[in-house]
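Trainee: The opening position of the sequence shown corresponds to residue 1 in my numbering, with each subsequent residue numbered one higher.
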Amino acid sequence: MGQSSGHRWLCIRQIQVVEATMLQAHKILALTETTQATHALVLCYFLETNSKQYNLVDKNVIEIGAGTGLVSIVASLLGAFVTATDLPELLGNLRHNVLRNTKLKSKHQPCVKELSWGIDLEKNFPRSSCHFDYIMAADVVYHHPFLDELLLTFDHLCKNDTVILWAMKFRLEKENKFVDRFQTLFDLEMISNFPSLNITLYKAMRKDSMKASLPN
Ligand SMILES: C[S@@+](CC[C@H](N)C(=O)[O-])C[C@H]1O[C@@H](n2cnc3c(N)ncnc32)[C@H](O)[C@@H]1O
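#1: Measuring CB atoms only, is the stretch 57 to 66 touching the stretch 79 to 86, in the sense that at least three cross pairs come out at less than 8 Å?
#2: Secondary structure at K207, three-state DSSP: helix, strand or coil?
#3: Can you give the beta carbon distance from G67 to K107, rounded, assuming they're within the 8 Å contact cut?
#4: Over what stretch of residues does the beta strand (DSSP E) that includes V112 continue unbroken?
#5: Is A138 helix, strand or coil by DSSP?
#6: Is it the case that the CB of G67 approaches a heavy atom of ligand 1 more closely than 7 Å?
#7: Using 7 Å as the cut-off, classify the Cβ of S76 as near or not near the heavy atoms of ligand 1, replying yes or no.
#8: Identify the continuous alpha helix (DSSP H) that holds D86 and give its terminal residues.
#9: Assign F146 to one of three DSSP states: helix, strand, or coil.
#10: Under the DSSP definition of a beta bridge, which residues are partnered with Y202?
#11: What do you reckon, are the CB atoms on L151 and R127 nearer than 8 Å?
#12: Compare the C-alpha of V90 against each of V112, K105, V71 and name the closest.
#13: Can S116 be considered in contact with ligand 1, in the sense that its beta carbon sits closer than 7 Å to one or more heavy atoms?
#14: Going by beta carbon distance, what residues of the same chain come within less than 7 Å of L77, once the five residues before and after it are set aside?
#15: According to DSSP, is I119 helix, strand or coil?
#16: Check each candidate in R95, C44, N160 and name the one with the smallest Cα separation from K207.
#17: Among H96, R100, I164, G69, which one has its Cα closest to the Cα of H131?
#18: In the DSSP output, which residue or residues are listed as bridge partners for V61?
Now the structure itself:
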């Protein structure tokens with residue numbers, strides 16, 4: 001089990017994907033019955049089945065709200081330099097999962113780092129030295145009070161050539177509003193849809209920086 005804490009996501013069990021890096025559709029569907037990490041599984045499946053188009057070898061990838069770290073693990077096994085991030089209280093479990101599943105298996109050892117959305121972004125991820133080819137996010141938009149901070153985080157981490165891959169389930173009006181705000185900064189394209197799971201996978205890139213700005 002994950003380390004104990006009041007945070008609801010710490011109750012997610014540690015994951016073991018050591019021998020199961022090539023996820024197949026039927027495995028995903030079976031796993032979704034037993035795990036809360038459905039969005040992450042959908043994104044992993046996409047990465048594995050589209051690894052020619054989205055070649056992660058030697059690419060810089062950051063995952064925000066990594067949770068159990070499944071997306072970070074798969075991105076690492078696919079050859080990327082990965083930074084898996086989450087809230088400080090999640091990092092012990094995340095580090096354990098990432099290390100256990102990538103040690104001696106990945107081309108580049110992933111790094112696990114705190115990233116609390118909207119907090120100390122320039123200090124911990126300076127724009128001048130951080131360049132990410134991909135930002136990955138699975139199930140980070142739901143009913144929580146940090147949607148503005150989440151948008152600031154995407155904005156801070158995303159350069160003109162960064163690709164955001166984001167798995168999302170529409171649930172409430174608030175989340176739809178987030179998407180509207182997101183689209184003031186980023187061009188959003190649906191790249192895959194899983195209607196039975198009600199999950200959509202998006203690709204996003206920064207709009208022309210002269211035209212885009214955060215709404216007040
Ligand atoms: C619904 S879980 C998704 C976890 C994982 N991406 C997945 O799909 O299984 C949301 C994640 O966002 C993280 N999170 C929530 N609020 C956050 C914040 N303010 N700053 C950073 N991470 C946050 C949580 O700790 C959690 O890991």
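Note that beta-carbon positions come from the ideal geometry of N, C-alpha and C, so glycine has one too.
Mentor: Checking against the coordinates, here is how it stands:
#1: With the cut-off at 8 Å, the stretch 57 to 66 and the stretch 79 to 86 touch.
#2: coil
#3: Incorrect: roughly 23 Å between the Cβ atoms, too far for contact.
#4: Here the beta strand (DSSP E) through V112 covers 111 to 114.
#5: DSSP places A138 in strand when its eight states are reduced to three.
#6: yes
#7: It does not: the Cβ of S76 is nowhere closer than 7 Å to a heavy atom of ligand 1.
#8: Where D86 is concerned, there is no enclosing alpha helix (DSSP H), although the beta strand (DSSP E) it sits in stretches over 81 to 86.
#9: coil
#10: W166, M190
#11: Taking 8 Å as the Cβ cut-off, L151 and R127 do not qualify as a contacting pair.
#12: The sequence given here has Leu at residue 90, not Val. Among V112, K105, V71, the Cα nearest to that of L90 is on V112.
#13: Yes, the beta carbon of S116 sits closer than 7 Å to at least one heavy atom of ligand 1.
#14: Result list for L77: T21, T102, K105, S106, in chain order.
#15: coil
#16: Among R95, C44, N160, the Cα nearest to that of K207 belongs to N160.
#17: I164
#18: Bridge partners of V61: V82, Y134.
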